[in-house]
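Top to bottom, those sequences are chains W and D. Here this note's numbering is used: the first residue of the first sequence is 3, the next is one more, and so on. Here this note's numbering is used: the first residue of the second sequence is 3, the next is one more, and so on. Ideal Cβ positions, reconstructed from N, Cα and C, are used throughout, including at glycine.
Number of protein chains: 2
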Amino acid sequence: MEQINGHEITYQYETEDKVLLAVDCIIFGFDQEDLKILLIKRGFEPEMGKWSLVGGFLKKEETLEAAATRILNLYTGLDNIYMEQVDTFSEVDRDPVERTISTAYYALIDIKEHSKNLIQQFSANWFSVSKAPHLIFDHDKMIQHALRRLRNRAATEPIGFDLLPEKFTMRQLQKLYEAIWDTKFDKRNFVNKINSLNIIDKLDEKDMTTSRKGSYLYQFNAEKSKTQDIRPFGLKI
Amino acid sequence: MEQINGHEITYQYETEDKVLLAVDCIIFGFDQEDLKILLIKRGFEPEMGKWSLVGGFLKKEETLEAAATRILNLYTGLDNIYMEQVDTFSEVDRDPVERTISTAYYALIDIKEHSKNLIQQFSANWFSVSKAPHLIFDHDKMIQHALRRLRNRAATEPIGFDLLPEKFTMRQLQKLYEAIWDTKFDKRNFVNKINSLNIIDKLDEKDMTTSRKGSYLYQFNAEKSKTQDIRPFGLKI
DNA sequence: ATATTTCGTGTATTATCAACACTAAGGCTG
DNA sequence: CAGCCTTAGTGTTGATAATACACGAAATAT
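Take a look at the structure:
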């Protein structure tokens with residue numbers, strides 16, 4: 003009850019059920035070969051010791067986005083990371099202890115940038131998406147949804163660069179997209195396509211670590227990218 | 003606390019905050035001209051009397067999907083309707099009374115099929131998406147997200163038919179897609195495109211209500227549609 | 001009979017996608 | 001230092017899909 007202008011008004015809210023709301027993060031990284039996800043050995047009951055997504059409970063005074071950001075930072079030490087809400091999972095018995103609804107977010111990070119200490123501290127590990135162990139609760143399903151969302155998003159917006167270092171080679175970029183969609187592109191077609199999008203700049207520097215000849219480094223250009231519609235990467239297997 | 007194998011285990015759950023979880027439904031319909039949404043004059047505080055999406059609170063023993071279905075049925079009398087989760091909205095002060103997180107779903111219904119009685123009973127009304135009044139809380143934002151999702155989905159899956167009667171004319175179908183994307187298609191190109199998808203059957207019947215000549219009726223063929231990849235409707239303005 | 005309205009259809013042009021193979025650079029090795 | 005080896009870098013052609021575009025047919029109303 004509450005008083006407004008001298009009238010008593012009753013909110014229906016008081017009689018409604020409250021639930022626990024959690025956030026789980028699918029943290030994607032890329033190691034030059036495979037698309038990977040960061041998993042932890044769960045440190046508390048239930049299902050202690052089993053592999054799990056990183057997650058946590060929503061606090062009263064934060065948004066889901068803030069919670070996802072907080073959790074990501076807790077486990078990787080990173081800030082300012084691209085994240086996107088995937089879906090909210092609400093099967094009644096998805097958590098055996100108590101009714102818990104969970105909203106999944108995925109994050110794209112440069113795999114070299116996260117804190118190695120934290121990884122150790124939480125018994126965390128990177129797994130290739132295709133070789134990840136079975137996870138607790140409905141986390142496997144969350145990954146499938148996140149992957150689907152990532153694939154759709156990456157096809158129409160230039161988010162892949164978040165998974166690479168600031169400077170990257172054309173070959174790295176190609177391997178990344180091949181990993182995201184589990185496919186192969188023709189090298190020449192890929193270069194032509196990317197260049198036609200006009201969203202990355204070729205630098206004068208070369209990366210000498212993977213070949214004697216060296217390969218040019220590129221850099222994502224957010225300005226250029228803003229001014230144009232990114233069209234799908236439609237390239238054949 | 004709980005006993006398992008004689009050991010006491012503590013779940014962290016007990017100390018976590020619980021919140022109210024609501025579901026709001028963006029109910030889309032199509033009236034041969036405009037894409038419309040069903041709104042109600044809110045019958046309780048806060049914001050009583052203002053326009054709002056239809057919604058309700060999640061109950062302890064139901065999933066979000068079940069809640070969305072229940073709410074849709076409550077306001078339209080309809081069952082077995084295409085629905086899709088859009089996003090979960092969690093701004094801390096989105097509801098002024100109490101912290102409430104809300105998951106939005108959109109539904110596609112044949113606008114002629116819903117219960118007129120219920121509409122009256124709830125002081126509900128159909129509004130063109132482009133002419134809808136300002137809504138309470140973050141409901142305007144929910145509609146924008148739903149619309150975006152609908153546009154993406156309709157571009158790659160044959161869900162538009164849920165907005166039409168079972169039998170429809172090619173012209174109706176075209177107007178529907180024009181309404182969804184707020185664009186115009188060339189009549190000949192549209193027909194060619196739809197026919198190439200091979201997912202609707204031409205009937206022998208004609209609809210005589212809109213022209214002297216009459217126009218052929220078509221019917222969605224779910225079987226055919228299942229056996230092929232639906233490709234985007236890529237047609238120019 | 002003729003006027004009016006909406007229906008229904010095909011082709012030529014352009015843009016995008018897909019297939020395809022060789023030379024260049026530079027360090028390494030004998 | 002000559003040849004070797006590995007990865008980088010690049011262009012053209014044919015196939016497919018998207019777009020632009022206009023007129024006759026049917027049926028009712030006058």
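Within chain W, the residues placing a beta-carbon under 7 Å from that of Ser92/D are Thr65 and Leu66, ordered along the chain. Taking a contact to require three or more Cβ pairs closer than 8 Å, the segment 74-87 of chain W and the segment 103-121 of chain W qualify as touching. With a threshold of 7 Å between beta carbons, Gln14/W makes contact with chain D.
Collapsing the DSSP output to three states places Ala134/D in coil. Short of 7 Å from the beta carbon of Lys204/D, and not among the five residues preceding or following it, lie these beta carbons of its own chain, in chain order: Tyr218 and Tyr220. Our two residues, His141/W and Tyr15/D, have alpha carbons roughly 18 Å apart in a direct line. Pairing Leu80/D with His116/D gives a Cβ-Cβ distance under 7 Å. Following the DSSP letters along the chain, one finds Gln146/D inside the alpha helix (DSSP H) bounded by residues His141 to Thr158. Here Leu40/W is not near Ala181/W, since their CB atoms are 7 Å or more apart. For Thr105/W, the nearest CB of chain D lies under 7 Å from its own CB, placing it at the interface with that chain. Listed along chain D are Gln87, each with a C-beta nearer than 8 Å to that of Asp89/W.
Distance from Phe163/W to Gln176/W at the Cβ level is roughly 13 Å; contact not present, criterion being Cβ atoms closer than 8 Å.
The beta carbon of Phe170/D sits closer than 7 Å to those of Leu219 and Tyr220, all from its chain and outside the five residues before and after it, given in chain order. Around Asp209/D, the same chain offers Thr171, Ser217 and Leu219 as residues with beta carbons nearer than 6 Å, after the five sequence neighbours per side are excluded.
Residue Ile202/W holds the alpha-carbon nearest to the alpha-carbon of Glu225/W among Leu237/W, Glu207/W and Ile202/W.
Of all alpha-carbon atoms in Glu18/W, Cys27/W, Lys118/W and Leu22/W, the one lying nearest the alpha-carbon of Ala148/W is that of Cys27/W.
Interface residue (Cβ-Cβ distance to chain W less than 7 Å): Phe235/D is not classified as such. Residue nearest to Thr229/D within the set Leu137/D, Phe187/D and Glu159/D is Glu159/D (criterion: CA-CA distance). The C-beta of Phe59/W comes closer than 7 Å to at least one C-beta of chain D. A check of alpha carbon separations from Glu49/W across Asn223/W, Ser130/W and Arg96/W identifies Arg96/W as the nearest.
From the beta-carbon of Glu100/W, the residues of chain D found nearer than 7 Å are Tyr15. Just so you know, the alpha carbons of Val94/W and Arg150/D end up roughly 29 Å apart.
The closest CA to that of Leu55/W, considering only Glu67/W, Glu63/W and Tyr77/W, is found on Tyr77/W.
Note on geometry: alpha-carbon atoms of Leu137/W and Met144/W lie some 10 Å from one another. Neighbours of Phe139/D across chain W, judged by C-beta separation under 7 Å, do not exist; the nearest C-beta is about 13 Å away. A distance below 7 Å between beta-carbons, with the five flanking residues on each side excluded, links Phe235/W to the following residues of its chain, in chain order: Ala157, Tyr179 and Lys195. The CB of Leu22/D comes closer than 7 Å to the CB of Tyr15, Glu18 and Lys20 in chain W, given here in chain order.
Close CB contacts of Leu23/D within its chain, under the 6 Å cut and outside five residues either way in sequence, are with Leu60 and Ile103 (chain order). The Cβ-Cβ distance between Val21/D and Arg101/D falls below 7 Å.
One thing to note: Phe124/D has its Cβ within 7 Å of the Cβ of Ile42/D. Taking all protein chains in view, the Cβ of Ser198/D is surrounded by fewer than 16 other Cβ atoms within 10 Å, so the residue is classified as exposed. Per the C-alpha coordinates, the member of Val131/D, Arg155/D and Arg72/D positioned closest to Gln146/D is Val131/D.
According to DSSP, Tyr218/D shares a beta bridge with Lys208/D. Comparing C-alpha distances from Glu47/D to each of Arg173/D, Phe139/D and Phe91/D shows the shortest one belongs to Phe139/D.
Taken in chain order, the unbroken stretches of beta strand (DSSP E) that lie wholly in the segment 10-51 of chain D and span 3 residues or more are 20-32 and 37-43. Proximity to Asp19/D across Ile29/W, Lys38/W and Thr65/W peaks at Thr65/W, based on C-alpha coordinates.
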